[in-house]
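In what follows, a single structure is set out as structure tokens and then discussed.
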Amino acid sequence: DVKVTQSSRYLVKRTGEKVFLECVQDMDHENMFWYRQDPGLGLRLIYFSYDVKMKEKGDIPEGYSVSREKKERFSLILESASTNQTSMYLCASSSLQGRIREKLFFGSGTQLSVL
Amino acid sequence: QKEVEQNSGPLSVPEGAIASLNCTYSDRGSQSFFWYRQYSGKSPELIMFIYSNGDKEDGRFTAQLNKASQYVSLLIRDSQPSNSATYLCAVNGVSGNQFYFGTGTSLTVIP
């Protein structure tokens, strides 16, 4: 089974803090994604990466950055946390094999509260 | 125009009934279609995927795809209270790298 692991299930941070959310997958997947999920807004893509050191902006990249130094690890960074970044953050990964038939697998999520 | 649209519900069905969840998508070139189940406070879990027109059955779940109408549905037969969750429809874009999600349909199965 695919395993996508997010380092924290719950996180509480102060406004202005730098926040790191870590994600590791164990299936040698090429693609990794960061989403945030808010009530009524659904899943929104922040960034994705299709290879080591490669990244692409999603729909809402403002206030976020990412790092992918190793294939299995994809980090989301909030440079200066703000209260409007309080949300559920979901990491996901997928394979490039059979390009049109990839499946997306999610980690357990990190509920971030910024006070 | 949203890429993927779902009726947000809530949808309530009695135990044992058929629950029908619907989804439309805008990108006619889409090739892969997925249904995720999400319990409150948990992450989405893949429960069905379909690539070809027609029906795909897995236990009490049936996914239906009609590419001409750009329509995907999920049927849950003999619904159980444990099926109460939010169901997310997702579509893989033409590029293969992007997944587009609906906002989800909340389903409650009443005992």
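Line by line, the protein sequences are chains C and B. Just so we're aligned, residue 1 is where the first sequence starts under the working numbering, counting upward by one. Just so we're aligned, residue 1001 is where the second sequence starts under the working numbering, counting upward by one. The C-beta atom is built at its ideal place from N, Cα and C for all residues, glycine as well.
Determine whether the Cβ of residue 1090 of chain B lies closer than 8 Å to any Cβ atom of chain C. Taking the second sequence and counting its residues from 1, the one referred to as residue 1090 of chain B is at position 90. Chain C contact via Cβ: present.
Check for me: the beta strand (DSSP E) holding residue 60 of chain C runs from which residue to which? Residue 60 of chain C sits at position 60 when you count from the first residue of the first sequence. Where residue 60 of chain C is concerned, there is no enclosing beta strand (DSSP E), given that its DSSP letter is neither H nor E.
With a threshold of 8 Å, are at least 3 pairs of Cβ atoms found where one atom belongs to the segment 27-34 of chain C and the other to the segment 78-93 of chain C? yes
Cutoff 8 Å: residue 1026 of chain B Cβ touching any chain C Cβ: If you number the second sequence from 1, residue 1026 of chain B lands on position 26. So no, residue 1026 of chain B is outside the interface.
May I ask which residues mark the beginning and end of the beta strand (DSSP E) holding residue 1007 of chain B? To locate residue 1007 of chain B, count along the second sequence from 1; it is residue 7. Segment: none, residue 1007 of chain B is in no beta strand (DSSP E) and carries neither H nor E.
Write down the C-beta distance between residue 1065 of chain B and residue 1034 of chain B rounded to the nearest angstrom, noting that I regard them as a contact closer than 8 Å. Numbered from its first residue, the second sequence carries residue 1065 of chain B at position 65. Numbered from its first residue, the second sequence carries residue 1034 of chain B at position 34. With 8 Å as the limit, residue 1065 of chain B and residue 1034 of chain B do not qualify as a contact, their Cβ atoms being about 11 Å apart.
Which residues in chain B have a C-beta closer than 8 Å to the C-beta of residue 87 of chain C? List them in chain order. Numbered from 1 along the first sequence, position 87 holds the residue referred to as residue 87 of chain C. Within 8 Å Cβ-Cβ: nothing; residue 87 of chain C doesn't reach chain B, min ~13 Å.
Is the CB of residue 1009 of chain B under 8 Å away from at least one CB in chain C? Translated into positions along the second sequence, residue 1009 of chain B becomes position 9. Not one chain C Cβ lies under 8 Å of residue 1009 of chain B.
Given residue 1038 of chain B, which residues of its chain have a CB within under 8 Å of its CB, disregarding the five upstream and five downstream residues? Along the second sequence, one-based indexing puts residue 1038 of chain B at 38. For residue 1038 of chain B, where only same-chain residues beyond five positions count, the Cβ hits under 8 Å are 1044, 1045, 1085, 1086, 1087, 1088 and 1104.
Any beta carbon from chain B within less than 8 Å of residue 108 of chain C's own beta carbon? The residue you call residue 108 of chain C lines up with position 108 of the first sequence. Chain B contact via Cβ: present.
Quick one: what does DSSP say residue 1022 of chain B is sitting in, helix, strand or coil? Numbered from its first residue, the second sequence carries residue 1022 of chain B at position 22. Of the three classes helix, strand and coil, the one that applies to residue 1022 of chain B here is strand, per DSSP.
Within chain C, the residues that residue 1044 of chain B reaches when beta carbons sit closer than 7 Å: Counting from one through the second sequence, the residue named residue 1044 of chain B turns up at place 44. Correct list: 106.
Please tell me whether residue 121 of chain C has its Cβ less than 8 Å away from any Cβ of chain B. Nothing about residue 121 of chain C can be reported from this structure: the residues present for chain C run from 1 to 115 only.
Local conformation of residue 31 of chain C per DSSP, three classes: On the first sequence, position 31 is the one that residue 31 of chain C refers to. If DSSP states are grouped into helix, strand and coil, residue 31 of chain C belongs with the strands.
Closer than 9 Å, Cβ to Cβ, to anything on chain B: give me those residues from the segment 39-58 of chain C, in chain order. 40, 41, 42, 43, 44, 45, 48, 50, 56 and 58
Consider the Cβ of residue 1102 of chain B: report whether some Cβ of chain C lies at a distance smaller than 8 Å. Indexing the second sequence from 1 puts residue 1102 of chain B at position 102. True, the Cβ-Cβ gap to chain C drops below 8 Å.
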